[in-house]
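Inspection log for the structure reproduced underneath, given as structure tokens.
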Amino acid sequence: MDIKEIVEKIVSSVRTKEERDVTLTGLRIVESSIFQKSAEHLSRELVKAGVPTDIGRRLLDAAEGEPLKNHVPRGEFFKALKKTLEELLVLRLEISFEPREKIMDKLKSWAEREIEKGIIFDLTLDRSISGGAKLSFQGRYREYTFENLISSALSSKREEITKLIS
Amino acid sequence: MEVPGKYNSPTQFTPPFGNAMRFCRRVIAAVSLPQGIMPYGQRAGFISETTGFFLLGLVLGALATVLIILYRRGRTERFSIDMEDRFKDVREVADEIITSVHRESLRTMEGAQKQALEMLRTTALYRSEAEKKMERVLEEHSQRESERLSRASEEFLRSYHLSLEDAKKIYLASVKKMNDLMAEETRRGLSEFREELKKEIERYGLETEEEIKKVRGDAFRKIEEYTREKLKKVDESIYQVLALVSKEVLGKSLSMEEHEEVVLRALEEAKREGFFKF
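Chains as they are written, first to last, in my numbering: chain A, 1 to 166; chain B, 167 to 444.
As structure tokens, then:
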């Protein structure tokens, strides 16, 4: 398994901006202490830093695992991973509910499927929205909320509605 | 205070040698007849006081002369007897003189009285005649004057009536003329006023009509605008209500999966609209 595949594997498990930040934090910890501390110790530190277990495991595996042990220099790996993580594009979503793991997986799957470049999500709860989402991406902004949907529907059906109520 | 020898009042003469003069006056009065009243209120006696004094003076003068003559004839012892005799003579003479003077004065007084009476009678006569004449003259004059006044007043009345008539005619003519002028003026004024009023009413009517049209137009316009505004607000309100209700209903009626599905649909829509184009 080359660096690219390992990096892709790690990056594919990063769904949100928050996860990216903790991954980078974990990477920093691992990069700085890989030869000074044991795996167990590093594992504890990663947990302490809030790095999700699976990401932490992957990082450690990537740092000490077979692929790297044999042919891949760790420095390049850390560098490539960091670069890839930092290049991920952030899609900000304001939604009306607390996102579950399931929706985050669905969103990540959709993004990997529909959009070429790597995208992670920055999910925010907005109680003023009754349904749908507000999107911000690369300086662009759209609202796909119920309010907009209803307004559009009312506008397109205005004449009919006016006839009904008059 | 009486000053002897002076006129102390306009009617009173106080002669000198007061007491002697009073005695003389008494003497004169004694030999005078009662006084009468002359016309015009003068104090009248048959002789005047001056004449009385003159006569008295004459008597006394004669007496004095006799005495002097007797005294000069002889200043002898027998003067006293002579004198007595002479005084007796003188007395007799004086008595005679006094009697003659008395008689004379009586005659004078009678004459004066007669004269006075005559004068009185004449005066009375004259007065009576004068009075009669005066009365006649006055009567004639009064009659003439009353006739003259009567004529004058008749003339005056006639003239006055004529003047009055003339004045009345002139006045009536003036009044009539003035009335005619006023009537004409009033007629003209009324006619002009009527015309002006008519024009004014027409003008006012037109203006009012214009104004009413304008106001009506403004009112209609404002009503339309208001109606439009209100309808617009009503529409907006309805849509807002619909939106609110729909939002609330939709939001609460969807399940978690449906909400998640809506989010995914939103992403799909965004992709379709080119939201994720690089």
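Virtual Cβ for every residue (Gly too), placed ideally from N, Cα, C. Note that the coordinates shown come from a computational prediction; the quantities given were computed from them, not determined experimentally.
For residue i, the nearest candidate out of the options (CA to CA)
i: Glu87 of chain A; options: A:Lys79, A:Leu93 and A:Glu94; result: A:Lys79
i: Leu60 of chain A; options: A:Arg100, A:Arg28 and A:Arg140; result: A:Arg28
i: Arg127 of chain A; options: A:Ser12, A:Ile55, A:Ile95 and A:Val90; result: A:Ile95
i: Ala228 of chain B; options: B:Lys398, B:Arg192, B:Gln279 and B:Ser266; result: B:Ser266
i: Thr25 of chain A; options: A:Asn148, A:Leu42 and A:Tyr141; result: A:Leu42
i: Glu19 of chain A; options: A:Leu89, A:Ile55 and A:Thr124; result: A:Ile55
i: Ile263 of chain B; options: B:Leu221, B:Asp384 and B:Arg382; result: B:Leu221
i: Ile3 of chain A; options: A:Ser152, A:Ala39, A:Arg58 and A:Phe97; result: A:Arg58
i: Ala260 of chain B; options: B:Leu226, B:Ala278 and B:Ile235; result: B:Leu226
i: Gln138 of chain A; options: A:Arg92, A:Glu159 and A:Val14; result: A:Arg92
i: Phe143 of chain B; options: A:Leu164, A:Arg140, A:Glu76 and A:Thr162; result: Residue 143 of chain B falls outside the range modelled here, since chain B spans only 167 to 444, and no answer is possible.
i: Lys163 of chain A; options: B:Ser419, B:Leu397 and B:Ala436; result: B:Leu397
i: Lys437 of chain B; options: A:Leu149, A:Ser151, A:Ala111 and A:Ile150; result: A:Ala111
Contact list for residue i against chain B, beta-carbon separation under 7 angstroms
i: Ala62 of chain A; result: Within chain B, no residue comes near Ala62 of chain A; the closest Cβ sits about 29 angstroms away, beyond 7 angstroms.
Cβ neighbours of residue i in the same chain (closer than 6 angstroms, five flanking residues each side left out)
i: Leu107 of chain A; result: Phe121
i: Gly132 of chain A; result: Tyr144, Thr145 and Phe146
i: Ile203 of chain B; result: Any answer about Ile203 of chain B is weak, because its pLDDT of 44 lies below 50 and its placement is not dependable; what the coordinates show is given next. For Ile203 of chain B, where only same-chain residues beyond five positions count, there are no Cβ hits under 6 angstroms.
i: Gly207 of chain B; result: Model confidence at Gly207 of chain B stands at a pLDDT of 44, short of 50, so the residue's coordinates are unreliable; what they give is reported in the following sentence. None.
i: Thr84 of chain A; result: Val7 and Val11
i: Glu439 of chain B; result: none
i: Lys380 of chain B; result: none
Beta-carbon contacts of residue i that lie in its chain and below 7 angstroms, excluding the five residues immediately before and after
i: Glu31 of chain A; result: Phe78
i: Ile367 of chain B; result: none
Chain-ordered neighbours of residue i on chain B, where CB pairs are closer than 8 angstroms
i: Glu160 of chain A; result: Correct list: empty, because the minimum Cβ distance to chain B is about 12 angstroms.
i: Leu135 of chain A; result: Ala432, Leu433, Ala436 and Phe441
i: Glu76 of chain A; result: Those within 8 angstroms of Glu76 of chain A in chain B number zero; the least Cβ separation is about 27 angstroms.
i: Lys106 of chain A; result: Glu426 and Leu430
i: Ser96 of chain A; result: Gly417 and His425
i: Ile103 of chain A; result: Glu426 and Val429
Partner residues on chain A for residue i, Cβ-Cβ distance less than 7 angstroms
i: Leu372 of chain B; result: What Leu372 of chain B touches in chain A: nothing, since even the nearest Cβ is about 41 angstroms away.
Residues of its chain near residue i, where Cβ-Cβ distance is below 8 angstroms and the 5 sequence neighbours each way are ignored
i: Phe253 of chain B; result: none
i: Thr217 of chain B; result: Thr274
i: Val14 of chain A; result: Arg20, Thr23, Ile55, Leu85, Leu88 and Ile120
Cross-chain neighbours of residue i in chain B, by beta carbon under 9 angstroms
i: Gly132 of chain A; result: His425, Val428, Val429, Arg431 and Ala432
Residue i CB to nearest heavy atom of the ligand PLP below 7 angstroms
i: Glu18 of chain A; result: This structure lacks the ligand PLP, and indeed carries no ligand of any kind.
Practice problem: Pull out every residue of the segment 384-416 of chain B whose Cβ sits closer than 8 angstroms to any Cβ of chain A, in chain order. | Solution: Cβ contacts with chain A: Asp401, Ile404, Tyr405, Leu408, Ala409, Ser412, Lys413, Glu414 and Leu416.
Quiz item: With contact counted as at least three CB pairs below 8 angstroms, one residue from each stretch, are the segment 113-124 of chain A and the segment 408-416 of chain B in contact?
Solution: Too few Cβ pairs lie closer than 8 angstroms, so no.
Quiz item: Of all the residues that make up the segment 141-156 of chain A, which are near chain B by a beta-carbon distance shorter than 7 angstroms?
Solution: From the segment 141-156 of chain A, only Arg142, Tyr144, Phe146, Glu147, Ile150, Ser151 and Leu154 have a Cβ closer than 7 angstroms to chain B.
Exercise. Closer than 9 angstroms, Cβ to Cβ, to anything on chain B: give me those residues from the segment 108-130 of chain A, in chain order.
Key: Within the segment 108-130 of chain A, the qualifying residues are Trp110, Ala111, Glu114, Ile115, Glu116, Lys117, Ile119, Ile129 and Ser130.
Practice problem: Could you please tell me which residues of the segment 419-431 of chain B, in chain order, have their CB closer than 8 angstroms to any CB of chain A? | Solution: Per Cβ criterion, the list reads Leu420, Met422, His425, Glu426, Val428, Val429, Leu430 and Arg431.
Quiz item: Okay, do the segment 91-105 of chain A and the segment 411-430 of chain B touch, 3+ Cβ pairs below 8 angstroms being the bar?
Solution: The segment 91-105 of chain A is in contact with the segment 411-430 of chain B.
Quiz item: What residues in the segment 354-368 of chain B bring their beta carbon closer than 9 angstroms to a beta carbon of chain A?
Solution: Hits within the stretch: zero.
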